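Take any residue in the sequence shown, count from 1 to its spot, add 217: that is its number in the working numbering.
What follows is a set of notes on a single structure, which appears directly below.
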Amino acid sequence: MDERAVQVSYVITVYNKAPYLFDVIQSLAAEHSEPCAAAEYVFVDDGSSDNSVETIRAHQHLLPGKTIVLEQSNQGAAAATNYGVREASHDWVRLLDGDDIVCTDSTAIMAQLAIRENAPFVIGNFGYFSQEKELLPQIEQVNEDDYVVMSQDDALQRFIRNFSHNSSCMLIKKAFFQSIGGADTRLMSPDYTLALRATAHCRKMVRLQCNVTQMVEQAPGRLSSQIGRSRYDSIMAIYLLAHELMPARRDVAEAVYRRACSRAYRYARILKNRPTRHFLRYIGSRLYLPKDLKSATYQCLSAFTPDATPERPIEWTPGKK
Numbered sequence: 218m219d220e221r222a223v224q225v226s227y228v229i230t231v232y233n234k235a236p237y238l239f240d241v242i243q244s245l246a247a248e249h250s251e252p253c254a255a256a257e258y259v260f261v262d263d264g265s266s267d268n269s270v271e272t273i274r275a276h277q278h279l280l281p282g283k284t285i286v287l288e289q290s291n292q293g294a295a296a297a298t299n300y301g302v303r304e305a306s307h308d309w310v311r312l313l314d315g316d317d318i319v320c321t322d323s324t325a326i327m328a329q330l331a332i333r334e335n336a337p338f339v340i341g342n343f344g345y346f347s348q349e350k351e352l353l354p355q356i357e358q359v360n361e362d363d364y365v366v367m368s369q370d371d372a373l374q375r376f377i378r379n380f381s382h383n384s385s386c387m388l389i390k391k392a393f394f395q396s397i398g399g400a401d402t403r404l405m406s407p408d409y410t411l412a413l414r415a416t417a418h419c420r421k422m423v424r425l426q427c428n429v430t431q432m433v434e435q436a437p438g439r440l441s442s443q444i445g446r447s448r449y450d451s452i453m454a455i456y457l458l459a460h461e462l463m464p465a466r467r468d469v470a471e472a473v474y475r476r477a478c479s480r481a482y483r484y485a486r487i488l489k490n491r492p493t494r495h496f497l498r499y500i501g502s503r504l505y506l507p508k509d510l511k512s513a514t515y516q517c518l519s520a521f522t523p524d525a526t527p528e529r530p531i532e533w534t535p536g537k538k
């Protein structure tokens, strides 16, 4: 099947992204080097307090396909993603955050590989662009030959060890997205959990080794609270993989525990959050494995919270920005 015959709905989630949306729309308008089948652009505004919706409406005429603008009260990116996919018309969905741009031909190539390899999920890498420079010359071209097909075990090994992707790197079959429960609304971001849910439910996936999206460059430095919250969710994501999605796989639970101990010790030092406790747990994880891996892994979450307990702080609840 010609990839240009594959119809794709883009689901673009937006929360106070007005300064970036013209760049996003420009990149979408310039994405395809050859004519392709009609696309659909579904923007989901997650309760923005700026003029994001007005910016979308002002520039939507640039897009080469039907545009839908949905609005909801602030519920978090995962809920916005689920809403957009639910309203999407086409069989394939390209996810995009409201400040990321797409690389040239990225969606068409991802669709081509999905069809060629009979895979319901394709993921790529991300790079960066600067708002201080002209946009279009910065947009990267995707190399359609730079990919690998990963088995489930390949994907588990890679994603537990390190997840260097975001949701804008993903193309997923809509029916598959819905069958795995969509994005997990318990977590702030859909990125990691969506990839892990896909991994738990498919035998193989395609991974492009080149960039398929580019994030805006940001000034260096992040608040400790943001680091703690994002790292909390990354460990919670693999915890849920091991103990909800794949509870029969002891090997997965062991790999998740070791990774959680390593990350907990590293960030306990950065956050000055009882690093000695997490150092001892980390050393212990190299020597032996506890019988109750679920409880032991859960305790690692205490490295990231302000009160040094594993429970999620109420202010980190999705929808509370």
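Where is the CB? At the ideal position from N, CA and C, for every residue including glycine.
Model, not experiment: these values are computed from the prediction.
- prompt: Does DSSP put M387 in a helix, a strand or coil?
  reply: Within the sequence shown, numbered from 1, the residue matching residue 387 stands at position 170. M387: strand per DSSP, three-state reduction.
task: Determine the burial state of I534: buried for a count of at least 16 other Cβ atoms within 10 Å of its Cβ, exposed for fewer.
output: Within the sequence shown, residue 534 is the residue found at index 317, counting from 1. It is worth fixing the name first, because residue 534 is Thr in this sequence and not Ile. Exposed, since its Cβ has fewer than 16 Cβ neighbours within 10 Å.
field: Secondary structure of Y237, DSSP reduced to three states
entry: To locate residue 237, count along the sequence shown from 1; it is residue 20. DSSP places Y237 in helix when its eight states are reduced to three.
query: Between Q348, N291, Q516, which lies nearest to Q243 when the distance is taken from Cα to Cα?
result: Your numbering for residue 243 matches position 26 in the sequence shown. The residue with the shortest Cα to Cα distance from Q243 is Q348.
query: Quick one: Cα of V223 to Cα of K350, how far?
result: Counted from its first residue, the sequence shown places residue 223 at position 6. Counted from its first residue, the sequence shown places residue 350 at position 133. Taking the straight line from one Cα to the other gives about 33 Å.
Inter-stretch contact at 8 Å, needing at least 3 Cβ pairs: the region 254 to 264 / the region 282 to 299: yes
- prompt: With distances taken from CA atoms, which of Y499, L238, P337 is nearest R483?
  reply: Within the sequence shown, numbered from 1, the residue matching residue 483 stands at position 266. R483 has its Cα closest to that of Y499, out of Y499, L238, P337.
task: From the DSSP output, in three-state form, read off R529 for me.
output: Along the sequence shown, one-based indexing puts residue 529 at 312. Three-state result, R529: coil.
field: Supposed contact pair E288 and V259 - C-beta distance, whole angstroms, cut 8 Å
entry: For the purposes of this step, residue 259 is taken as residue 42 along the sequence shown, with counting starting at 1. For the purposes of this step, residue 288 is taken as residue 71 along the sequence shown, with counting starting at 1. The Cβ separation is near 12 Å, so there is no contact.
message: What I want to know is whether the C-beta of A247 ends up closer than 8 Å to one or more non-hydrogen atoms of the ligand MG.
response: Summarising the ligand content, the structure contains no ligands, and the ligand MG is consequently not present.
field: Span of the alpha helix (DSSP H) around G301
entry: Mapped onto the sequence shown, residue 301 falls at position 84. G301 -> alpha helix (DSSP H) spans 294 to 304.
field: In DSSP terms, what L287 is bridged to
entry: For the purposes of this step, residue 287 is taken as the residue at position 70 of the sequence shown. Its beta-bridge partners are V261.
Straight-line gap, R420 to L411 (C-alpha atoms, nearest Å): Taking the sequence shown and counting its residues from 1, the one referred to as residue 420 is at position 203. Taking the sequence shown and counting its residues from 1, the one referred to as residue 411 is at position 194. Their backbone Cα atoms lie some 15 Å apart in a straight line.
- prompt: If we call anything under 9 Å between Cβ atoms a contact, is A415 one with M405?
  reply: Here the question's residue 415 lines up with position 198 in the sequence shown. Here the question's residue 405 lines up with position 188 in the sequence shown. No, these two residues do not count as a Cβ contact at 9 Å.
task: Could you say which of L238, A470, N342, F393 lies nearest to V359 if we only look at CA atoms?
output: In the sequence shown, counting from the first residue as 1, residue 359 sits at position 142. The shortest Cα separation from V359 among L238, A470, N342, F393 belongs to N342.
Under 9 Å between C-beta atoms of A336 and V366: Against the sequence shown, residue 336 aligns to sequence position 119. Against the sequence shown, residue 366 aligns to sequence position 149. Against a cut-off of 9 Å, the Cβ pair of V366 and A336 comes out as a contact.
message: Using only the alpha-carbon positions, how far apart do P354 and S250 sit?
response: One-based indexing of the sequence shown puts residue 354 at position 137. One-based indexing of the sequence shown puts residue 250 at position 33. Distance between the alpha carbons of P354 and S250: 14 Å.
- request: For Y474, count neighbouring C-beta atoms within 10 Å of its own C-beta (all shown protein chains included) and say buried if the count is 16 or more, exposed if not.
  value: In the sequence shown, the residue the question calls residue 474 occupies position 257. It is buried - the Cβ of Y474 has at least 16 other Cβ atoms within 10 Å.
- request: Let me know the secondary structure DSSP gives K511 once reduced to three states.
  value: For the purposes of this step, residue 511 is taken as the residue at position 294 of the sequence shown. Reduced to three states, the DSSP call for K511 is helix.
- request: Taking only the alpha-carbon atoms, compute the straight-line gap between S396 and K390 and give it to the nearest angstrom.
  value: Start at 1 with the first residue of the sequence shown, and residue 396 comes out as number 179. Start at 1 with the first residue of the sequence shown, and residue 390 comes out as number 173. Using only the alpha carbons, I get a separation of about 10 Å.
Member of K511, I444, S479 whose CA lies at the smallest distance from the CA of A459: Here residue 459 is taken as the residue at index 242 of the sequence shown, counted from 1. Checking every option, the nearest Cα to that of A459 belongs to K511.
query: Between the C-alpha atoms of L238 and T430, what's the straight-line distance to the nearest angstrom?
result: Looking up residue 238 in the sequence shown gives position 21. Looking up residue 430 in the sequence shown gives position 213. Taking the straight line from one Cα to the other gives about 14 Å.
Validate contact between the region 477 to 497 and the region 506 to 526 using beta carbons, cut 8 Å, 3 pairs: yes
message: Tell me the DSSP secondary structure of L312 in three-state form.
response: Residue mapping note: residue 312 aligns to position 95 of the sequence shown, counting from 1. It is a strand residue.
message: For S406, report the span of its beta strand (DSSP E) as first-last.
response: To locate residue 406, count along the sequence shown from 1; it is residue 189. Here S406 belongs to no beta strand (DSSP E), and DSSP marks it neither H nor E.
task: Would you tell me roughly how many angstroms separate the C-alpha atoms of P464 and A417, rounded to the nearest one?
output: Numbered from 1 along the sequence shown, position 247 holds the residue referred to as residue 464. Numbered from 1 along the sequence shown, position 200 holds the residue referred to as residue 417. Their backbone Cα atoms lie some 11 Å apart in a straight line.
query: When DSSP labels each residue in this structure, what does I444 get in the three-state scheme?
result: One-based indexing of the sequence shown puts residue 444 at position 227. Note: I444 maps to helix in three-state DSSP.
query: If we count the other Cβ atoms within 10 Å of its Cβ and call it buried at 16 or more, is A392 buried or exposed?
result: Mapped onto the sequence shown, residue 392 falls at position 175. Under this definition A392 is an exposed residue.
message: So, with DSSP's three-state summary, where would you put S479?
response: On the sequence shown, position 262 is the one that residue 479 refers to. In the structure shown, S479 sits in a helix (DSSP, three-state: H, G or I).
task: Starting from I340, follow its DSSP beta bridges and name the residues at the other end.
output: Translated into the one-based positions of the sequence shown, residue 340 becomes position 123. M387, R424, per the DSSP bridge assignment.
- request: Kindly indicate the opening and closing residues of the alpha helix (DSSP H) around M463.
  value: Residue numbering aside, residue 463 sits at position 246 when the sequence shown is read from its first letter. Where M463 is concerned, there is no enclosing alpha helix (DSSP H), given that its DSSP letter is neither H nor E.
query: Are F338 and M387 close, meaning C-beta to C-beta below 9 Å?
result: Numbered from its first residue, the sequence shown carries residue 338 at position 121. Numbered from its first residue, the sequence shown carries residue 387 at position 170. Yes; because the gap between Cβ atoms is below 9 Å, this pair is in contact.
query: Mind checking D408: buried by the 16 CB within 10 Å criterion, or exposed?
result: Locating residue 408 in the sequence shown gives position 191, where the first residue counts as 1. Buried is the call here.
message: As a quick exercise: from S368, S323, Y515, P236, pick the residue whose alpha carbon is nearest that of D362.
response: Taking the first residue of the sequence shown as position 1, residue 362 is located at position 145. Taking only the C-alpha atoms, the option nearest D362 is S323.
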